[in-house]
Amino acid sequence: MVHKLGHYGFISSAFDEDLAFYLDNFNLTPSDVLFEPTMPELDVLAFLHIDLGSEFSDHHTLFMQRARPDQKTLMHHCSFEVADFDTQLIGHQWLADRGYTSVWGVGRHILGSQIFDYWKDPSGFKIEHYADGDIVNEKTPTSRQAAGPDTLSIWGPPLPVEFVEAS
Amino acid sequence: MATRIKPSPNSSQKIQLQRASHVFLRHPDPEKFLIFAKDFGFIEEARNWGAIYLRGYGIDPYCYVVLPSITGEKQFEGGAFIVKSREDLEMAMKFAGAVRKDLSHLPGGGEMVSFSTPGGGKMHLVWGQEARTAPKKEPSAQVQHLGPYNLPFHKDRKGLSQK
Chain A
5 MVHKLGHYGF ISSAFDEDLA FYLDNFNLTP SDVLFEPTMP ELDVLAFLHI
55 DLGSEFSDHH TLFMQRARPD QKTLMHHCSF EVADFDTQLI GHQWLADRGY
105 TSVWGVGRHI LGSQIFDYWK DPSGFKIEHY ADGDIVNEKT PTSRQAAGPD
155 TLSIWGPPLP VEFVEAS
Chain B
321 MATRIKPSPN SSQKIQLQRA SHVFLRHPDP EKFLIFAKDF GFIEEARNWG
371 AIYLRGYGID PYCYVVLPSI TGEKQFEGGA FIVKSREDLE MAMKFAGAVR
421 KDLSHLPGGG EMVSFSTPGG GKMHLVWGQE ARTAPKKEPS AQVQHLGPYN
471 LPFHKDRKGL SQK
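Going down the list, the sequences are from chains A and B.
Just add 4 to wherever you are in the first sequence, counting from 1, and you've got my numbering.
Just add 320 to wherever you are in the second sequence, counting from 1, and you've got my numbering.
In structure tokens, the structure reads:
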């Protein structure tokens, strides 16, 4: 059983405008930012958390990725929390046994630390089970680093090409 | 155009989100998706005018809204956030395409304002919704008791089994 909606994210062809909209109008703030390795002034991905002051909240509730020039705005995935690592593996085996399409997982993310498991639903949307994510508050600094496969997982299967594409 | 993200300190001028609540997704074959959704771990909570409301075991009356596709293609219709006050809902009425909707016929009730983001995406804010009562312990069909991991040098789970 899933607990709750943890986060969702999309690839935006109006990344700067969309990000400014969310940051200027809401109590959302970046936990982690990734920039294009060949263009260090170009931010390409932002993980945003809800700023509740001293109260802790999930490392990211919304994330946004800059679309390549040939890409349109499209959702990437939405993610739902499960209890723990055991539950994730039980869930993974259950979905595999039923013949559903695994996208990526089980593994552990670096930014946000979640144990992740991505699946493709029958309509083609990507959907994630996650557990053991970080929580942050106003004292947590925003970190910024170069994007790349090394920022995605500390362990788990190799990153599949279809994960990077929109849902 | 600046391409580096600027710091964004909070202020009383901003709409105050409390938490993420649910997402809206359009499916070409909702019934087929529902079989997957049940296997994934969702519970069907309600149906209303073609929309199907799925929940987890948390405090949100629903966390995934299944909508039928209009075009035959799948489509993401945005995420919904709970806001802290009614004033936050009022503030959102200034956004492009803002529409206010009464949710009293749905689980938890409340009100919602939906609008578009500059990139053409959708976002929804909910206020006045009654939260579910979540169980004190994480429910599971398989796990009876899970304590701390017993590590090579730190065995914090003493005299209790993990199953």
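A virtual CB, placed ideally from N, CA and C, is assigned to each residue, including glycine.
So residue i contacts chain B; which residues on that side make the cut at Cβ distance below 8 angstroms?
i: histidine 11 of chain A; result: Ala340
i: serine 17 of chain A; result: Gly439
i: tryptophan 98 of chain A; result: Asp359
i: isoleucine 139 of chain A; result: None at all; the shortest Cβ gap to chain B is about 12 angstroms.
i: isoleucine 131 of chain A; result: Phe360
i: phenylalanine 67 of chain A; result: Under the 8 angstroms cutoff, chain B gives no residues; its nearest Cβ is about 11 angstroms from phenylalanine 67 of chain A.
Applying a beta-carbon distance threshold of less than 7 angstroms, which residues of chain B neighbour residue i?
i: arginine 102 of chain A; result: Asp359
Please decide whether residue i counts as near chain B, where near means a Cβ-Cβ distance under 7 angstroms.
i: glutamate 59 of chain A; result: no
i: histidine 7 of chain A; result: yes
i: serine 106 of chain A; result: no
i: isoleucine 158 of chain A; result: no
i: phenylalanine 30 of chain A; result: yes
i: isoleucine 54 of chain A; result: yes
i: threonine 155 of chain A; result: no
i: leucine 27 of chain A; result: yes
i: threonine 77 of chain A; result: yes
i: threonine 42 of chain A; result: no
With a threshold of 7 angstroms between beta-carbons, can residue i be considered close to chain A, or not?
i: glutamate 458 of chain B; result: yes
i: tyrosine 377 of chain B; result: yes
i: aspartate 408 of chain B; result: no
i: valine 419 of chain B; result: no
i: histidine 347 of chain B; result: yes
i: valine 385 of chain B; result: no
i: glutamine 336 of chain B; result: yes
i: valine 343 of chain B; result: yes
i: glycine 392 of chain B; result: no
i: tryptophan 399 of chain B; result: The identity of residue 399 of chain B in the sequence shown is glycine, whereas the question assumes tryptophan. Yes, glycine 399 of chain B lies at the interface with chain A (some Cβ there is under 7 angstroms from its Cβ).
Residue i touches chain A at which residues, Cβ-Cβ below 7 angstroms?
i: isoleucine 325 of chain B; result: Leu23, Pro34, Val37, Asp47, Ala50
i: leucine 466 of chain B; result: Asp88, Asp90
i: phenylalanine 362 of chain B; result: Val6
i: lysine 352 of chain B; result: Pro126
i: phenylalanine 473 of chain B; result: Within 7 angstroms Cβ-Cβ: nothing; phenylalanine 473 of chain B doesn't reach chain A, min ~20 angstroms.
Applying a beta-carbon distance threshold of less than 8 angstroms, which residues of chain A neighbour residue i?
i: valine 380 of chain B; result: Here residue 380 of chain B turns out to be aspartate, not valine, going by the sequence shown. Result: Lys8, Leu9.
i: asparagine 330 of chain B; result: Asn31, Thr33, Asp55, Gly57
i: valine 433 of chain B; result: The contacting residues do not exist; valine 433 of chain B stays about 12 angstroms from chain A at best.
Since I believe residue j is in contact with residue i (beta carbons under 8 angstroms), could you give me their beta-carbon distance rounded to a whole number of angstroms?
i: histidine 64 of chain A; j: serine 35 of chain A; result: 6 angstroms
i: threonine 155 of chain A; j: leucine 99 of chain A; result: Incorrect: roughly 26 angstroms between the Cβ atoms, too far for contact.
i: glutamine 449 of chain B; j: glycine 467 of chain B; result: Their Cβ separation, rounded to whole angstroms, is 35 angstroms, which puts glutamine 449 of chain B and glycine 467 of chain B out of contact at 8 angstroms.
i: proline 381 of chain B; j: proline 427 of chain B; result: 4 angstroms
i: isoleucine 325 of chain B; j: aspartate 62 of chain A; result: Rounded, the Cβ-Cβ distance is 19 angstroms, inconsistent with contact.
i: histidine 167 of chain A; j: tyrosine 122 of chain A; result: The residue asked about is misnamed: residue 167 of chain A is phenylalanine in this sequence, not histidine. With a Cβ gap of about 7 angstroms, phenylalanine 167 of chain A and tyrosine 122 of chain A count as contacting.
i: valine 119 of chain A; j: alanine 135 of chain A; result: Residue identity differs from the one stated: residue 119 of chain A is isoleucine in this sequence, not valine. Confirmed, Cβ separation roughly 5 angstroms.
i: methionine 413 of chain B; j: arginine 420 of chain B; result: 7 angstroms
i: threonine 437 of chain B; j: aspartate 28 of chain A; result: Actually they do not touch by this definition, with Cβ atoms about 12 angstroms apart.
Can you pull the chain B neighbours of residue i, defined as C-beta to C-beta under 9 angstroms?
i: threonine 144 of chain A; result: What threonine 144 of chain A touches in chain B: nothing, since even the nearest Cβ is about 13 angstroms away.
i: glycine 152 of chain A; result: Going along chain B, no residue has its Cβ under 9 angstroms from glycine 152 of chain A, so there is no contact; the nearest lies around 18 angstroms.
i: phenylalanine 84 of chain A; result: Phe360, Gly361, Phe362, Gly376, Cys383, Tyr384
Starting from residue i, find everything on chain A with Cβ-Cβ shorter than 9 angstroms and list it in chain order.
i: valine 463 of chain B; result: Ala87, Asp88, Asp90, Thr91, Ile94
Item to complete: Could I get the ranges of all uninterrupted beta strand (DSSP E) runs contained in the segment 36 to 79 of chain A, with 3 residues as the minimum, in chain order?
Response: You should have 43 to 54, 66 to 70.
Below 8 angstroms, how does it come out for the segment 104 to 111 of chain A and the segment 57 to 76 of chain A: are there three or more Cβ pairs, yes or no?
Segment contact: the segment 104 to 111 of chain A against the segment 57 to 76 of chain A, fewer than three CB-CB distances shorter than 8 angstroms; contact not assigned.
Tell me the start and end of each unbroken alpha helix (DSSP H) in the segment 347 to 404 of chain B that is at least 4 residues and wholly inside, in chain order.
Listed in chain order, the complete alpha helix (DSSP H) runs (minimum 4 residues) inside the segment 347 to 404 of chain B are 350 to 360.
Three-pair Cβ contact test at 8 angstroms for the segment 454 to 468 of chain B versus the segment 423 to 437 of chain B = Three or more Cβ pairs closer than 8 angstroms define a contact, and the segment 454 to 468 of chain B falls short of that threshold against the segment 423 to 437 of chain B.
* Which parts of the segment 76 to 159 of chain A are runs of the beta strand (DSSP E), unbroken and 3 residues or longer, counting only runs that do not cross its ends? -> Segments of the beta strand (DSSP E) lying fully in the segment 76 to 159 of chain A: 78 to 85, 105 to 113, 119 to 124, 130 to 135, 147 to 150, 157 to 159.
* Are the segment 376 to 386 of chain B and the segment 323 to 338 of chain B touching, with three or more C-beta to C-beta distances below 8 angstroms? -> Taking 8 angstroms as the limit for Cβ pairs, the verdict is that the segment 323 to 338 of chain B does not touch the segment 376 to 386 of chain B.
- Is there contact between the segment 388 to 399 of chain B and the segment 340 to 351 of chain B, where contact requires at least three CB pairs shorter than 8 angstroms? Cβ pair count under 8 angstroms is three or more, so yes.
Answer yes if the segment 123 to 131 of chain A comes into contact with the segment 39 to 53 of chain A, meaning at least three C-beta pairs across the two stretches below 8 angstroms, and no otherwise.
Too few Cβ pairs lie closer than 8 angstroms, so no.
With a threshold of 8 angstroms, are at least 3 pairs of Cβ atoms found where one atom belongs to the segment 433 to 444 of chain B and the other to the segment 395 to 415 of chain B? Contact check between the segment 433 to 444 of chain B and the segment 395 to 415 of chain B: three or more CB pairs, one atom from each, fall below 8 angstroms, which counts as touching.
*Are the segment 78 to 85 of chain A and the segment 6 to 23 of chain A in contact at 8 angstroms, needing three or more beta carbon pairs?*
Three or more beta-carbon pairs separated by less than 8 angstroms link the segment 78 to 85 of chain A to the segment 6 to 23 of chain A, which places the two stretches in contact.
**Complete runs of the beta strand (DSSP E) confined to the segment 418 to 459 of chain B [at least 3 residues]** = You should have 419 to 422, 431 to 436, 442 to 447.
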